[in-house]
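What follows is a set of notes on a single structure, which appears directly below.
2 protein chains.
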Amino acid sequence: MAKIGGMSTRTLVAPAAVPPAKVSFKAQMLAVREDAIIHAVNRLLAEKGFDLMTVDQVAAEVGIAKASLYKHFPSKEDLAAAAMVRVMQRAQAFLASLPADGRPLDQLKAMVRWMLTLQLAGEMPSLPHHNSTLRTALVNNKAYLDGLMQVSDQLGGWIEKAQADGSLNKQLPPVLVLYTLYARACDPVLEFLKAGGQHSDEEVIALVLQTCFEGLNSR
Amino acid sequence: MAKIGGMSTRTLVAPAAVPPAKVSFKAQMLAVREDAIIHAVNRLLAEKGFDLMTVDQVAAEVGIAKASLYKHFPSKEDLAAAAMVRVMQRAQAFLASLPADGRPLDQLKAMVRWMLTLQLAGEMPSLPHHNSTLRTALVNNKAYLDGLMQVSDQLGGWIEKAQADGSLNKQLPPVLVLYTLYARACDPVLEFLKAGGQHSDEEVIALVLQTCFEGLNSR
DNA sequence: GTCTATAGACCGATAGAC
DNA sequence: GTCTATCGGTCTATAGAC
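Protein sequences appear in the order of chains A and B. Under our numbering, the first sequence has 149 at position 95, and the numbering climbs by one with no breaks. Under our numbering, the second sequence has 250 at position 196, and the numbering climbs by one with no breaks.
So this is what it looks like as structure tokens:
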């Protein structure tokens, strides 16, 4: 929330004649550091998950003192929430970058491919679905919920269009399709397949994409 | 391994004329309590996962002192491992109960259905895939590995047969199919769909089974 | 000289172990 | 029922910018 305020201030000030150079410098320092913190949290969250990630590890990875972390974020939950918000922003940016005239099914596939790529890159935060404190923190985080909602609306629209044009199975409830796509973001198959060492990242993604949309049966 | 020995012993003794009553009684007491412990661990593991499950909760659920737990299992990891071994035994028992003359694809579907049912019943232990201590405990547990291996062999055989008879996509690496089936055991789609309250358990299972084998695309 | 941010010690609670 | 380790969170003394 403070982040959003700071960003919009800088955005508004930038095009002007740069009168208050001093305040902007300090703010930039803070923003850069917050960026580094969120990046570290994102990575650790993807590597070890929320429970096994310690605040000390975050501080060590960023290279700052733990107390300095608490100048930016009031709790471990807020750290994780900030990382989730960042991921949502990246997702929204990716969706916005897709050609608007693409076939709905292709848009959905592109989104799943993006999630799989993120996961293989070790940048998909894994939220152990059992954690009350983190869950409540996320539920109370407007920025996260708004992002999730917007992404879901976008995907939901494509799902309905794809069912209408006959490329997606009309029998399936749209919400089932949505959940099934989201589930690819934490699909353990990726990790297993990668550990096997028999396939390149690109092959792994192609295989999982295929099983997701085509299923296991032969056609 | 000790557990398997114990079970087979009891199984063998039961139909006989019960000659050694005394030693069997004490052993039965221990076995019954161990059974209750494993059942509680299994349930808690499914409900909260390994990290959020505390040994005190296990003791409370069983209704015994925490110290008594450590008479049976040397550590929290061993508790979880015992529960996993039990699940593998149940899986093996289920596989053995399937008609031997079924179509390979039907056998695979039956197994997935069993895993989905177990998960919906809150009896599928969820192993947060990020946990080194639990991972090493399982890797070093022969009973677990043996069970996992035997189940995988069984499923692997059916996969190859199903690909040979044309019911499963021949293009997919068998190991991808195996992992994809295993992944249904911890599929978050089940939980989401159930939380939506729009579908009965049986419908949820049918839907997930369909997306797994038929995919999302229309045919 | 003042003021902020940092580093690192420190505290309290929790949970595993015995 | 006690002991100890770990971890989230806080406090204080210091260094450096202005």
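We put the beta carbon where it would ideally sit given N, CA and C, even for glycine. What you are looking at is a predicted structure, and each value in this text was computed from that prediction instead of being measured.
Where residue 58 of chain B sits in the DSSP three-state scheme: Reliability of the predicted coordinates at residue 58 of chain B is poor, the pLDDT of 36 falling under 50, and no value is obtained from them.
Just by C-beta distance, which residues in the region 161 to 188 of chain A are closer than 9 Å to chain B? Of all residues in the region 161 to 188 of chain A, 162, 180, 182, 183, 184, 185, 186 have a Cβ within less than 9 Å of some Cβ in chain B.
Would you verify that the beta carbon of residue 190 of chain A is, or is not, closer than 8 Å to some beta carbon of chain B? So, not an interface residue.
Going by DSSP in three states, residue 223 of chain B sits in which element: helix, strand or coil? The answer is coil: DSSP assigns residue 223 of chain B none of H, G, I, E or B.
Less than 8 Å between CB atoms is the rule here; does residue 210 of chain A satisfy it with respect to chain B? Judged by the 8 Å Cβ criterion, residue 210 of chain A is not in contact with chain B.
DSSP three-state call for residue 271 of chain A: helix, strand or coil? Residue state, collapsed to three classes: strand.
Who are the near neighbours of residue 253 of chain A in its chain, counting only those whose CB is closer than 8 Å to its CB and skipping five residues on each side? 247, 261
Counting only Cβ pairs nearer than 8 Å, list the residues of chain A close to residue 218 of chain B. Chain A residues near residue 218 of chain B: none, gap ~11 Å exceeds 8 Å.
Given 8 Å as the limit, is there contact between the region 79 to 94 of chain A and the region 131 to 140 of chain A, that is, 3 or more CB pairs closer than that? Result yes; three or more Cβ-Cβ pairs closer than 8 Å.
Are any of the Cβ atoms in chain B nearer than 8 Å to that of residue 261 of chain A? It does; some Cβ of chain B falls within 8 Å.
Coarse secondary structure for residue 178 of chain A, derived from DSSP in three states: Residue 178 of chain A falls in the coil class under three-state DSSP.
Residue 242 of chain B and residue 240 of chain A look like a contact to me (Cβ under 8 Å); what is the Cβ gap, rounded to whole Å? 7 Å
Local conformation of residue 152 of chain A per DSSP, three classes: coil
Taking Cβ-Cβ distances shorter than 8 Å, what residues in chain A pair up with residue 241 of chain B? For the C-beta of residue 241 of chain B, the chain A residues within less than 8 Å are, from N- to C-terminus, 237.
As assigned by DSSP and simplified to three states, the class of residue 117 of chain A: coil
Inter-residue spacing [alpha-carbon to alpha-carbon] between residue 227 of chain B and residue 132 of chain A: 42 Å
Could you check what DSSP says for residue 251 of chain B in three-state terms: helix, strand or coil? coil
Helix, strand or coil: which one does DSSP assign to residue 200 of chain A? helix
So with CB distances below 7 Å, who are the chain B contacts of residue 223 of chain A? One finds 270, 271, 272 in chain B with Cβ atoms closer than 7 Å to the Cβ of residue 223 of chain A, taken in chain order.
When you compare the CB of residue 226 of chain B with every CB in chain A, is at least one pair closer than 8 Å? yes
With a CB to CB cut of under 8 Å and the five nearest residues on each side skipped, what residues in its chain are close to residue 143 of chain A? So the list reads 201, once near-sequence residues are dropped.
Quick check: is the beta carbon of residue 109 of chain B nearer than 8 Å to any beta carbon in chain A? no
Exposed or buried, residue 161 of chain B, counting other C-beta atoms within 10 Å across all chains shown (16 or more means buried)? buried
Could you work out which residues of chain A lie near residue 198 of chain B, taking near to mean beta carbons separated by less than 9 Å? Here the premise fails: no neighbours, minimum Cβ distance about 17 Å.
Below 8 Å between beta carbons is the criterion; list the residues of the region 102 to 133 of chain B that meet it against any residue of chain A, in chain order. 102, 103, 105, 106
What do you get for residue 197 of chain B, buried or exposed, if any count of 16 or more other CB atoms within 10 angstroms of its CB means buried? buried
Under 8 Å between C-beta atoms of residue 159 of chain A and residue 206 of chain A: no
Contact with chain B by residue 250 of chain A, beta-carbon distance below 8 Å: yes
Leaving out the 5 sequence neighbours to the left and right, which residues in its chain are closer than 7 Å to residue 268 of chain A when beta-carbon positions are compared? none
Apart from the five residues just before and just after residue 266 of chain B, which ones in its own chain have a Cβ nearer than 8 Å to its Cβ? 166, 234, 235, 238
How close, in whole Å, do the beta carbons of residue 149 of chain B and residue 208 of chain B come, if the pair is a contact with beta carbons under 8 Å? 5 Å
If you drop the 5 nearest sequence neighbours on each side, which residues of the same chain put their C-beta closer than 7 Å to that of residue 210 of chain A? 228, 232
CB contact below 8 Å: residue 247 of chain A versus chain B: yes
Going along chain A, which residues have a C-beta under 9 Å from residue 141 of chain B? Those within 9 Å of residue 141 of chain B in chain A number zero; the least Cβ separation is about 16 Å.
With 8 Å set as the bound, which would you pick, yes or no: does the beta-carbon of residue 205 of chain A sit closer than that to a beta-carbon of chain B? no
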